[in-house]
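Each remark here refers to the structure printed beneath this line.
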Amino acid sequence: MILISSCLAGLATTYDGRDNYREEIAALLQQGKAVLVCPEQLGGLPTPRPPAEIVGGSGADVLDGKAKVLTNDHRDVTAEFIRGAEQTLKIARTVNAKYAILKESSPSCGSTLIYDGTYSKRKQPGFGVTSALLRRSGIEVYSEANFKSLLDKIN
Ligand code: SF4
Numbered sequence: 006m007i008l009i010s011s012c013l014a015g016l017a018t019t020y021d022g023r024d025n026y027r028e029e030i031a032a033l034l035q036q037g038k039a040v041l042v043c044p045e046q047l048g049g050l051p052t053p054r055p056p057a058e059i060v061g062g063s064g065a066d067v068l069d070g071k072a073k074v075l076t077n078d079h080r081d082v083t084a085e086f087i088r089g090a091e092q093t094l095k096i097a098r099t100v101n102a103k104y105a106i107l108k109e110s111s112p113s114c115g116s117t118l119i120y121d122g123t124y125s126k127r128k129q130p131g132f133g134v135t136s137a138l139l140r141r142s143g144i145e146v147y148s149e150a151n152f153k154s155l156l157d158k159i160n
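So for the sequence shown, the numbering used here puts the first residue at 6; every next one is plus one.
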């Protein structure tokens with residue numbers, strides 16, 4: 006089973022109430038190969054919600070208490086992001102997911118790049134909070150940019 010970011014499958018779960026629909030990724034759900042997750046909703050945040058960025062590090066640093074997740078109006082949502090990551094991992098274990106395809110650049114779901122914490126649309130290498138926890142737990146994390154290599158591997 007594969008975990009998929011709900012926004013990639015067409016659900017309007019992004020911070021501004023939109024989606025990031027990708028037909029080939031949504032097809033995995035229709036084929037019964039995937040389960041949808043939105044870590045930020047699972048963490049208890051509303052939709053729409055203020056945009057947030059990791060400040061002072063990456064997703065792994067957030068998990069280790071060395072960095073925070075702050076909204077653009079300076080509200081600390083670190084606890085919600087960690088809760089969302091933990092709930093996502095719980096779903097992964099429940100459905101025995103070995104892989105995830107998560108939205109690139111998100112402070113939860115990014116797996117190569119994340120925004121740099123300055124709210125200026127600049128990105129830096131790093132994992133989001135959920136991607137970091139999944140990787141630590143042995144789940145391979147892909148994005149909409151490289152998921153075809155996963156499909157080649159499992160098909
Ligand atoms: S937390 Fe992940 S699944 Fe939810 S809207 Fe953001 S990128 Fe999509």
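For glycine and all other residues, C-beta sits at the position ideal for the given N, C-alpha and C.
Pull up the distance between the alpha-carbon of V74 and that of R127, whole angstroms please.
Rounded to whole angstroms, V74 to R127 spans 16 Å at the Cα level.
Between R80, A31, I87, which lies nearest to K71 when the distance is taken from Cα to Cα?
Among R80, A31, I87, the Cα nearest to that of K71 is on I87.
Shortest alpha-carbon distance to S113 belongs to which of T123, D24, V67?
Residue V67 is the option with its Cα nearest to S113.
Whole angstroms is fine: what's the gap from N160's alpha carbon to R80's?
Answer to the nearest angstrom: the Cα atoms are 43 Å apart.
Looking at the unbroken beta strand (DSSP E) that takes in A9, where does it start and where does it end?
The amino acid at residue 9 is misidentified as Ala; the sequence shows Ile. Its beta strand (DSSP E) spans residues 7-10.
Can you tell me whether K38 is helix, strand or coil according to DSSP?
Looking at K38 - three-state DSSP - the assignment turns out to be coil, as it is neither helix nor strand.
Kindly indicate which residue of N101, K103, A65, A32 has the alpha-carbon position closest to the one of A90.
Among N101, K103, A65, A32, the Cα nearest to that of A90 belongs to A65.
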